[in-house]
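>
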Amino acid sequence: MKILHDFKALTACAFAVLVAAGCSKEQTSLDVDSFPGKAQIIGSLAYSEGTVLENGQFKELIKPAADKEVCLEISNSAYKAGATGVTTWKVRTDAQGKFETTLPVPSGSTTVTIKPADFTGYFYSVAKENNKYVADTAFVVYRLNSTANTKNISANQITFADLMYSNVEEQELQEGYTEYATLTGRIGMNKTRYYAAVTALNPVTNDPMLVSAPAIKSYFDNAPSVSLLIKATYNGYTRNYNCTTNTNGMFSVDIPVKEYPCDITYEIDALPFTATYTDYEQVEKTWAASETPLYTYDYEAVAKEGYYAKQATAVSGTASYAIKGEPYEIEAKMMIFTPYEGTAPAYNTTAPWVEDLDNEEENETL
Numbered sequence: 565m566k567i568l569h570d571f572k573a574l575t576a577c578a579f580a581v582l583v584a585a586g587c588s589k590e591q592t593s594l595d596v597d598s599f600p601g602k603a604q605i606i607g608s609l610a611y612s613e614g615t616v617l618e619n620g621q622f623k624e625l626i627k628p629a630a631d632k633e634v635c636l637e638i639s640n641s642a643y644k645a646g647a648t649g650v651t652t653w654k655v656r657t658d659a660q661g662k663f664e665t666t667l668p669v670p671s672g673s674t675t676v677t678i679k680p681a682d683f684t685g686y687f688y689s690v691a692k693e694n695n696k697y698v699a700d701t702a703f704v705v706y707r708l709n710s711t712a713n714t715k716n717i718s719a720n721q722i723t724f725a726d727l728m729y730s731n732v733e734e735q736e737l738q739e740g741y742t743e744y745a746t747l748t749g750r751i752g753m754n755k756t757r758y759y760a761a762v763t764a765l766n767p768v769t770n771d772p773m774l775v776s777a778p779a780i781k782s783y784f785d786n787a788p789s790v791s792l793l794i795k796a797t798y799n800g801y802t803r804n805y806n807c808t809t810n811t812n813g814m815f816s817v818d819i820p821v822k823e824y825p826c827d828i829t830y831e832i833d834a835l836p837f838t839a840t841y842t843d844y845e846q847v848e849k850t851w852a853a854s855e856t857p858l859y860t861y862d863y864e865a866v867a868k869e870g871y872y873a874k875q876a877t878a879v880s881g882t883a884s885y886a887i888k889g890e891p892y893e894i895e896a897k898m899m900i901f902t903p904y905e906g907t908a909p910a911y912n913t914t915a916p917w918v919e920d921l922d923n924e925e926e927n928e929t930l
């Protein structure tokens with residue numbers, strides 16, 4: 565059985581109601597409490613138990629990380645030049661995964677490192693095997709990605725720290741996978757845009773003339789809420805990730821690695837989804853007897869019911885990371901519309917992204 569894995573949530577969990585929690589400090593030889601400046605940190609911890617498949621879409625199981633110890637560290641050198649070591653404050657999350665505390669800070673700003681405790685649990689995921697979707701469960705360690713646990717704090721200011729755990733499987737722990745490489749991407753869906761004919765008066769004869777004929781153009785728009793299955797292979801170990809694109813068609817997953825530089829091969833699949841597509845069919849252009857015929861055809865909008873699905877060509881490649889923290893972004897024009905009845909609208913993967921089409925139109929009007 566393949567080991568299935570974690571994904572990074574596209575947005576951090578935000579909480580509106582904040583509950584104060586007690587805070588203790590590990591004593592050092594440096595009296596940091598003598599500093600008059602105080603900085604307040606209000607935060608929350610959450611984790612994903614994975615995904616389940618409901619009505620053809622992924623449902624993410626987000627849970628608050630309740631009753632977890634959170635260590636907050638500030639380097640002693642921030643308080644006194646040449647000082648060594650760190651001062652650590654400890655606080656626990658409440659039942660909703662929220663925490664709050666106030667820390668003494670020097671003048672100006674400084675950096676606090678937030679270190680929540682690891683914990684174990686189960687992680688649920690979905691993979692595609694032999695054209696069927698199958699579920700699996702893995703026992704994992706939940707751990708905060710170290711690239712996202714530092715915050716700048718300043719005296720008399722409030723800093724928010726809403727953090728999401730990642731998870732690590734047993735084999736990854738044994739192999740020493742302590743770093744993360746971030747794979748991000750943009751998923752596109754094909755669409756068609758209509759351009760009406762443009763006419764004008766001939767500046768010499770004052771007769772009507774055709775400037776540009778009616779036209780339609782294919783393009784790719786951002787595909788929101790697409791459920792993705794991503795297969796990633798690193799160091800001979802293959803993992804499966806589930807995630808859903810946000811409103812801008814973007815997705816992101818954190819992949820555990822041992823070190824940098826590193827290479828990760830990937831393959832992206834997607835669940836189909838129903839949609840209504842606005843297509844345009846060519847019709848004969850008719851003119852009134854009093855009008856001057858300038859063109860012979862036009863286009864008529866036709867709403868087609870159907871579904872978007874991944875194109876037949878595999879979306880795959882190799883992501884290379886030279887240094888820690890470097891993201892690798894994929895642009896995949898992969899979701900293609902198929903109607904339940906009638907012919908499918910024409911498309912090609914060389915069609916522009918929506919913003920490139922917009923820029924092209926803007927340049928034509930200048």
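Residue numbers (my numbering): 565 to 930.
Don't be surprised by glycine CBs; every beta carbon is placed ideally from N, CA and C.
Every value quoted in this text rests on a predicted model; they were computed, and no experiment measured them.
1) Report back the beta-carbon spacing between Gly-601 and Ala-719 to the nearest angstrom; my notes put them in contact at under 8 Å.
2) Only counting the same chain, and skipping five residues up and downstream in sequence, which positions put a Cβ closer than 8 Å to that of Lys-714?
3) Less than 8 Å between the CB atoms is what I'm expecting for Ile-605 and Ala-725, so what's the real figure, rounded?
4) What are the start and end residues of the beta strand (DSSP E) that includes Gln-621?
5) Less than 6 Å between C-beta atoms, sequence neighbours within five positions excluded: which residues of the same chain meet that for Ser-782?
6) Ignore the nearest five residues each way along the sequence and tell me which others in Tyr-758's own chain have a CB closer than 6 Å to its CB.
7) What whole-angstrom Cβ distance do Tyr-872 and Leu-774 have, given they're in contact under 8 Å?
8) Could you name each continuous alpha helix (DSSP H) segment of 4 residues or more that falls completely within the segment 791–872, going from the start of the chain to the end?
9) Whole angstroms are fine: how far does the CA of Glu-624 sit from the CA of Glu-869?
10) Please return the same chain residues whose Cβ sits closer than 6 Å to the Cβ of Cys-635, not counting the five positions on each side in sequence.
11) So the beta strand (DSSP E) Glu-739 belongs to, where does it begin and stop?
12) Do three or more CB pairs link the segment 684–702 to the segment 655–669 at distances below 8 Å?
13) Assess, as a yes-or-no matter, whether the segment 832–841 is touched by the segment 764–773 under the definition of 3 or more beta carbon pairs within less than 8 Å.
14) Measuring straight from C-alpha to C-alpha, what distance separates Thr-701 and Ser-612?
15) Closest to Glu-988 by CA distance: which of Glu-823, Ala-883 and Ile-887 is it?
16) Would you list the residues sitting across from Glu-618 in a DSSP beta bridge?
17) Let me check understanding here. Comparing Cα to Cα, which of Phe-622, Ala-681, Gly-889 and Met-899 lies closest to Val-698?
By the coordinates alone:
1) About 3 Å separates the beta carbons of Gly-601 and Ala-719, which is inside the 8 Å limit, making them a contact pair.
2) One detail in the question is off: residue 714 reads as Thr in this sequence, not Lys. Here Thr-714 has Thr-675, Val-676, Thr-677 and Ile-678 as same chain residues with Cβ atoms under 8 Å from its own Cβ, once five neighbours each way along the sequence are excluded.
3) Between Ala-725 and Ile-605 the Cβ distance is about 6 Å, and since that is below 8 Å, they are a contact.
4) Counting along the chain, Gln-621 sits inside the beta strand (DSSP E) bounded by residues 621–628.
5) Excluding positions up to five away in sequence, the list reads Thr-756, Tyr-911 and Ala-915.
6) In chain order, Ile-780, Tyr-844 and Tyr-863 place their CB closer than 6 Å to the CB of Tyr-758, counting only its own chain and leaving out the 5 sequence neighbours on each side.
7) Not really, about 36 Å apart at Cβ, beyond 8 Å.
8) Within the segment 791–872, complete alpha helix (DSSP H) segments of at least 4 residues are not found at all.
9) CA-CA distance, Glu-869 to Glu-624, rounds to 28 Å.
10) Within its own chain, the residues whose Cβ lies closer than 6 Å to the Cβ of Cys-635, once the five positions on either side in sequence are excluded, are Thr-652, Lys-654 and Lys-679, listed in chain order.
11) Judged by DSSP secondary structure, Glu-739 falls outside any beta strand (DSSP E) and instead within the alpha helix (DSSP H) spanning 734–739.
12) Flag = no, the segment 684–702 and the segment 655–669 do not touch.
13) Because the criterion of three Cβ pairs below 8 Å is not met, the segment 764–773 and the segment 832–841 do not touch.
14) When rounded, the distance between both Cα atoms is 13 Å.
15) No statement about residue 988 is possible, as the shown extent of the chain runs from 565 to 930 and does not include it.
16) Looking at the DSSP assignment, Glu-618 forms a beta bridge with Gln-621.
17) Nearest C-alpha to Val-698: Phe-622.
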